[in-house]
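Novice: Protein chains in written order, with this note's numbering: chain A, 0 to 372; chain B, 50 to 308; chain C, 9 to 324. Here a beta-carbon is modelled for each residue, glycine too, at the ideal position from N, C-alpha and C. I have a structure here, written as structure tokens, and I will follow up with some questions on it.
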Amino acid sequence: MSDGNVTSGVDERIKEQSRLRTALIRPELGGICGTIIVFALFLLFAGDSGMFNSQGVLNWSTVSAQFMIIAVGACLLMIAGEFDLSVGSMIGFAGMMIAIFSVTLGWPVWQAIIVTFILSVAIGGLNGFIVVRTGLPSFIVTLAFLFILRGFTIFLPQLIERKTIIGGIRDAAEGDWLAVVFGGKVLTGLFSWLGEAGMIATFERGTKKGMPVVDGIPMLIVWAIVLVIFGHILLTRTQFGNWVFASGGDAESARNSGVPVNRVKILMFMFTAFCACVFATCQVMEFGSAGADRGLLKEFEAIIAVVIGGALLTGGYGSVIGAALGALIFGVVQQGLFFAGVESSLFRVFLGLILLAAVILNTYIRRMITGER
Amino acid sequence: MSEPIIQMKNIEKHFGSVIALAGVSVDVHAGECHCLLGDNGAGKSTFIKTMSGVHKPTAGEIYFEGQPMHFEDPRDAISAGIATVHQHLAMIPLMSVSRNFFMGNEPLKKIGPVNFFDHEKANQITMEEMRKMGINLRGPDQAVGTLSGGERQTVAIARAVHFGAKVLILDEPTSALGVRQTANVLATIDKVRKQGIAVVFITHNVRHAMAVGDQFTVLNRGKTLGTAVRGDISPEELQDMMAGGQELVQLEGSLGGTV
Amino acid sequence: MFSTMKKMALATAVAAAPLMMATGASAEGEKYILVSHAPDSDSWWNTIKNGIALAGEQMNVEVEYRNPPTGDLADMARIIEQAAASGPNGIITTLADFDVLSGPIRAAVDQGINVIIMNSGTPEQVREVGALMFVGQPEYDAGFAAGLRAKGDGVGSFVCVNHVISNTVVAERCRGFADGLGVDLGDQMIDSGQDPAEIKNRVTAYLTANPETDAILTLGPTSADPTLLAVEEMGIAGDIYFGTFDLGDEIVKGIKSGVINWGIDQQPFLQAYLPVVVLTNYDRYGVLPGNNINSGPGFVTKDALGKVEEFAGEYR
């Protein structure tokens, strides 16, 4: 549809907008700017510190991917107009459930993973059901679950195993087909070739001498990419995506137009729980143990990534790609500060500044889009 | 005159001991704009809510296209083709015009096993429908928040029409608008009427009603004072009927006929 | 074009300068990174920070302290990986959870980085990850020794106030103590949380509900300080047998006034200071002590408080 066939003339009150401006005003802009600035800064200050060799890149990509996985869920939920503060506790809980099922009860790992996923998604659904049914703010309901789930995560292993960290999952997961989907690595062939060709660092001693230090892309990163693509397409290219926007923008209006707002919200709570469970499963499969303190404060990290990515705290506006960029910024800053040799306690200061800058920029962009003053 | 599309016969509605409607009869014809006038508290809102299925009448009958109708809830009315554009517009400011236009009725395109939102089609239809209503959008992805109040009304009306409304109930669409925007909305009403859709236009502004109305029904304290056809009644008479008579005559005299 | 880029770089540099303060001194050559498992809020690790700073200064090497802000061990694993990627001469870290941390540590070792385990870990685990040595206090043994001592003083039952319930290594202290006493740990370990008011109230509640409790064992200043207040408020200060792990200002005062019978000092200063010295000498001259170094337990009682009091919270 080109402008050429507009017959009745252009409304003189609509100001001409330059193409550049039109291209710029999108929810991801803050995230894109932030990403460029952050990378420029670290290239400048930590370019030769190992941050950009194969191992360094893998390090901050993995951390960013972790944030991305939970940010996708948090982003869609926030656009649908709700919060989930129980994400961090859900990570701890899901990890602990896998450990209890597979190590304590001795189930096969694939079965433990599937049951844990069902359990987590059901709890997410319960979260959503309570929010939708009671009309209480999701802030309060999920805050309750933050404590409930964390409480169980500490209580259950103490009750059953008399300790708060359950290990030995790696042995249990040996040869398990589903465990590989979360804890395995892909492109290992490519990396060993790169190592042989001397393009990436290899181990200097030990049993793995000569093998590349980075021997593949962890499934964690694959999951992050898959979830980001899925979330982005769901949000922008499907009917359901439109409903997500509508539910968060104005639930009453959406209902009047026939959008099943309650169903949308509950499904988004379930999806958020699913993402938390993916996070937990990847972590447990990689590290081989589940601890009661896993995932502490992760809900806020997810929300920060989403907000840096341009989503509106009040719902109805945002972008999954933006949230992914927010997660990338978060991960790069968190790990990059170490590389740059900055006192680690200043990380929070830096994070706060970035958050503030991103929110101010995003508010400005949103005003341009919506024309509000 | 053709068969009325909606006939409301002796509608009564009681809320506990309060009699909101005490026997109101109105006929609405396709392709005509039926103005429902009345001061605040006259029972206009109750009446249109009865028509759109929100309230069930305590007594009286509703005929839709000649058949007696009993709406259980607003959905029945909507699927029958009775669309209401509320003052609360069911528009989401942060979303684009085309996303709003198709909210709840998204066009789908099948790619492989998955249904996708057909943005191309949605954008095309939106631009077309809006142009029919005389509004040139910057683009289909323009946010509704950037539109003026009148334009938003028009989007809401265009949406209802596009999704097959036979009867369009407009609840005070001009009450909060400026002169120019009001004119736009009135022009939209005119266009909709010409497409053969029955319009029920609720207002308490006689001049707005006179501008587009084909028939005029005045409600006062839950009763009709009868329906008049265009040309049979003057604005002054309408004003009198709305106010319930005498006192406004004196008031109007002192204000020089400007009310 | 080039000059504009230079200007921009300069501008960013100026803007970021306050945040870019490197921790290490301007030492050339060796760089050592200490990765702890403690959250930012844990004040006990301050001694560790001071310890490596002093060692770095004395040995003229660059040192860095890093920790997961929330104490999440999975985050700590990432920090170890990251520390390895930045290519230091050595890494000093803890083995708070063998499952989580062994992978990254072993990878660092295999990359040619010397690793010393401090504070948490067992000698077997340390050998298994390929670290040079262990500097710390074997927690179970320390608890066991304390239990024997308490048994000798006539203690038969106790309550263990655990403020880091999720740390298995710390909980070993309670198990060791129970075994030293020759009693079953059972429900005698309480999860006190980290908040001082909560700790105080939980200790009070426990002691009210179980008035026959002979002794209190706290696992660090975080739980000891509020517990001191609790026993004073209940009027049993000096009456109930009170032992604690680790030292701090309040604990030292408590020992001095006789409310606390003894404190077990694992001498964190040595856990930070010695690895830097050992690593530097190993890198420079190839010399290495032949065994693990036990930095504790050392029992601190009323009689030996001089130096402790002087440097409590700083180096003690």
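1. Check distances from the C-beta atoms of the stretch 33 to 64 of chain A to those of chain C and list, in chain order, the residues that come in under 9 Å.
2. Would you grab the beta carbon distance between B/Met182 and B/Ala207 for me? Rounded to a whole angstrom, and I think it's under 8 Å.
3. Using a Cβ-Cβ cut-off of less than 8 Å, list which residues of the stretch 239 to 272 of chain A approach chain B; keep chain order.
4. When you check each C-beta in the stretch 184 to 207 of chain A against every C-beta of chain C, which residues fall closer than 8 Å?
5. So which residues of chain B does A/Gly315 contact, with C-beta pairs closer than 9 Å?
6. Please report how far the alpha carbon of A/Ala79 lies from the alpha carbon of A/Asn261, in whole angstroms.
7. Rounded to the nearest angstrom, what separates C/Ala33 and C/Ile41 at their Cα positions?
8. According to DSSP, is A/Lys207 part of a helix, a strand, or is it coil?
9. Is C/Asn302 near the ligand GDP - that is, is its Cβ less than 8 Å away from at least one heavy atom of it?
10. A/Val212 and A/Gln54 - do their beta-carbons sit closer together than 9 Å?
11. Quick check: what's the CA-CA separation for C/Ala85 versus C/Ile259?
12. Does the distance from the CB of C/Gly251 to the CB of C/Ile268 come in under 9 Å?
13. For the structure I just gave you, are there three or more beta carbon pairs, one from the stretch 214 to 222 of chain B and one from the stretch 62 to 73 of chain B, closer than 8 Å?
14. So who's on the other strand from C/Trp270, going by DSSP bridges?
15. Find out if the Cβ-Cβ distance for the pair B/Asn154, A/Ser256 is shorter than 9 Å.
16. Mind checking A/Tyr316: buried by the 16 CB within 10 Å criterion, or exposed?
17. Suppose the cutoff is 7 Å on Cβ atoms and the five residues either side in sequence are ignored; what does the same chain contact list for C/Leu313 look like?
18. At which residues does the beta strand (DSSP E) containing C/Tyr40 begin and terminate?
19. Only counting the same chain, and skipping five residues up and downstream in sequence, which positions put a Cβ closer than 7 Å to that of C/Leu236?
20. Would you mind telling me which residues of chain A sit closer than 7 Å to C/Gly228, beta carbon to beta carbon, in chain order?
21. Given that a residue counts as buried once 16 or more other Cβ atoms are within 10 Å of its Cβ, and exposed if not, what is A/Val130?
22. Mapping the DSSP letters down to three states, classify A/Arg293 as helix, strand or coil.
23. Compare the C-beta of C/Ser265 with all C-beta atoms of chain A and state if any pair is closer than 9 Å.
24. Using the C-alpha atoms, what's the distance from A/Ile168 back to A/Phe268?
25. Spell out whether any CB of chain B is found under 9 Å from the CB atom of A/Arg149.
26. Taking DSSP as the reference, what is the three-state secondary structure of A/Thr61?
27. Give a yes or no on whether 9 Å exceeds the smallest Cβ distance from C/Arg74 to chain F.
28. Looking only at its own chain, which residues have a Cβ that is under 7 Å from the Cβ of A/Val86, when we skip the five neighbours before and after it?
29. Roughly how many angstroms lie between the CA atoms of C/Asp107 and A/Ser246, to the nearest whole one?
30. From the beta carbon of A/Thr237, is the nearest beta carbon of chain B less than 9 Å away?
31. Does C/Ala61 get closer than 9 Å to chain A when you measure Cβ to Cβ?
32. Please report the residue range of the beta strand (DSSP E) in which B/Ile141 lies.
33. Could you check if B/Thr266 is buried or exposed, using at least 16 other CB atoms within 10 Å of its CB as the buried criterion?
34. State the Cα-Cα distance for the pair B/Met152 and A/Trp242, rounded to the nearest angstrom.
35. Using the Cα positions of A/Leu118 and A/Ile359, report the straight-line distance between them to the nearest angstrom.
36. Compare the C-alpha of A/Phe202 against each of C/Ala92, C/Thr130 and C/Pro283 and name the closest.
Specialist: In this structure, then:
1. Ile36, Ala39, Leu40, Leu43, Phe44, Ala45, Ser48, Gly49, Met50, Asn52, Ser53, Gln54, Gly55, Val56, Leu57, Asn58, Trp59, Thr61 and Val62
2. 5 Å
3. Gly240, Asn241, Trp242, Phe244, Ala245, Gly248, Asp249, Glu251, Ser252, Ala253, Asn255, Ser256, Gly257 and Val258
4. Ala200, Phe202, Glu203, Arg204, Gly205, Thr206 and Lys207
5. Ile141, Pro142, Leu143 and Met144
6. 10 Å
7. Because C/Ala33 carries a pLDDT of 39, less than 50, the predicted location of this residue cannot be relied on, and the following value inherits that uncertainty. If I take the Cα positions, the gap works out to 13 Å.
8. coil
9. For the ligand GDP, the structure offers nothing, since it holds no ligand at all.
10. yes
11. 32 Å
12. yes
13. no
14. C/Gly251
15. yes
16. buried
17. Val260, Ile263 and Lys264
18. Lys39 to Val43
19. Glu258, Gly262 and Val267
20. Neighbours of C/Gly228 on chain A: none; closest Cβ ~16 Å, over 7 Å.
21. buried
22. coil
23. no
24. 28 Å
25. no
26. helix
27. Of the chains in the structure shown, none is chain F; the protein chains are A, B and C.
28. Ile69, Ala73, Thr271, Ala275, Lys297, Glu298 and Ala301
29. 43 Å
30. yes
31. no
32. That residue, B/Ile141, is in no beta strand (DSSP E); it is neither H nor E in DSSP.
33. buried
34. 7 Å
35. 39 Å
36. C/Ala92
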